[in-house]
């Protein structure tokens, strides 16, 4: 079963990053969007997000794709038996978006996205006399999401939902990866400005 999920994850990542040979022409100038990012997941995230419309980090020239970079503070709830511990750290994500809007309206509306992620959460907490000290780290190449980007002039509102498959790095200290789910739901909101 795990092999099926792994093959499905690799196939979906390949399809998301596949380049479309026939490019549509657009009347909209590509730009840059800087946003505040709030993501509900495990770990949860709060940070800044940068989107480069048009030319992508992954493709030379694309008028329906853009690249994203998220730098976030992360918070995570770690449960062991009847104990709950809260840790904090950082999360870095770099990815690509593909928009499905009409010609001339390329960088708003429905989109699909995927990102490469790395997160490191440190724990130094006590709950009911039980102390925990350690680090939880993960890498993810499969973080598909769908969203709808709303533009009101240069103001941008960007709600999204998705999932993330985390490849967990062996925990340090008291952290055991068996207590953390590899799959995590993601839902969030980005509010920013296009310049």
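Residue numbers (our numbering): 105 to 299.
Ideal placement from N, C-alpha and C gives every residue a C-beta, glycine not left out.
Practice problem: My understanding is that residue 195 touches residue 241, with C-beta atoms under 8 Å, so please give their C-beta distance in whole angstroms. | Solution: The pair is not a contact, with the Cβ atoms about 10 Å apart (cut-off 8 Å).
Exercise. With DSSP as the reference, label residue 258 as helix, strand or coil.
Key: coil
Quiz item: Taking just the CA atoms, how far does residue 136 sit from residue 258?
Solution: 10 Å
Self-check item: Residue nearest to residue 283 in terms of C-alpha spacing, selected from 239, 262, 230, 183
Solution: Relative to the Cα of residue 283, the nearest Cα in the group 239, 262, 230, 183 belongs to 183.
Quiz prompt | Nearest candidate by alpha-carbon position, reference residue 150, set 223, 245, 211 | solution = 223
Practice problem: For residue 203, I'd like the list of residues in its chain whose CB is within less than 8 Å of its CB, leaving aside the five on either flank, ordered along the chain. | Solution: 168, 169, 170, 210, 211, 212, 213, 214, 215, 253
Quiz item: Run through DSSP, which three-state label would residue 57 get?
Solution: Given that the chain is displayed from residue 105 to residue 299, the structure contains no residue 57 and the question cannot be resolved.
Quiz prompt | N- and C-terminal bounds of the beta strand (DSSP E) containing residue 238 | solution = Under the DSSP assignment, residue 238 falls in the beta strand (DSSP E) whose first and last residues are 234 to 246.
Practice problem: For residue 255, I'd like the list of residues in its chain whose CB is within less than 6 Å of its CB, leaving aside the five on either flank, ordered along the chain. | Solution: 212
Exercise. Return helix, strand or coil for residue 298, following the three-state DSSP convention.
Key: strand
Quiz item: So residue 215 is in the beta strand (DSSP E); what residue range does that whole segment cover?
Solution: Here the beta strand (DSSP E) through residue 215 covers 213 to 231.
Quiz prompt | Spatially closest choice to residue 176 from 281, 221, 234, by CA coordinates | solution = Check the Cα spacing between residue 176 and each of 281, 221, 234: the tightest is with 221.
Practice problem: Give the DSSP bridge partners of residue 188, in chain order. | Solution: Under DSSP, the beta-bridge partners assigned to residue 188 are 183.
Practice problem: Pick helix, strand or coil for residue 155, following the three-state DSSP scheme. | Solution: Correct three-state label for residue 155: strand.
Practice problem: With distances taken Cα to Cα, identify the nearest neighbour of residue 180 among 189, 243, 264, 172. | Solution: Among 189, 243, 264, 172, the Cα nearest to that of residue 180 is on 189.
Quiz item: Exposed or buried, what is residue 285 when buried is set at 16 or more other beta-carbons lying within 10 Å of its beta-carbon?
Solution: exposed
Practice problem: To the nearest angstrom, report how far apart residue 296 and residue 191 are at their CA atoms. | Solution: 27 Å
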